[in-house]
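Asks:
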Amino acid sequence: MLTSDARDPSREVKLSPPRSWRVESTDAFGSIVMFIAGITMVTKNRYLVWPVLVLAISNALNQHPLRRKDGGSSAWTNLAMAIFALIISHLPMFAFTDPRTGGIRFS
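The numbers in this note's numbering rise by one with no breaks, and the one at position 101 of the sequence shown is 101.
#1: DSSP state of Thr77, grouped into three classes?
#2: Give the straight-line distance between the Cα atoms of Gly102 and Ala75, rounded to the nearest whole angstrom.
#3: What span of residues does the alpha helix (DSSP H) with Phe35 cover, start to end?
#4: Please confirm whether Ile36 and Val52 have their CB atoms less than 7 Å apart.
#5: Take Leu61 as the anchor and find which of Gly30, Met93 and Ala95 has the nearest alpha-carbon.
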């Protein structure tokens, strides 16, 4: 048997995270951003989407390498959800509606 075999059971070392990072189970900040962005899309509240977008950008800039592995969604998913909430909440402003019926005009 080779002495430099990488599969040797005596060479196994217990996995330990670095001392500078603490292990976190969930990313509560990202979950809150995702939840409020969902509420914004359902209610189409144009004023609620701007703080969500700011929080999502902050979450993307301050993302932690271990948070994505442990649980929750990534910061980029939260940012995409906030951008979609911005688009969906402002989309009715650009629709061409008929003033008499309130329906969408296609011509």
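For glycine and all other residues, C-beta sits at the position ideal for the given N, C-alpha and C.
Replies: The short version:
#1: helix
#2: 38 Å
#3: First-last of the alpha helix (DSSP H) with Phe35: Ala28 to Thr43.
#4: A contact, by the Cβ cut-off of 7 Å.
#5: Gly30
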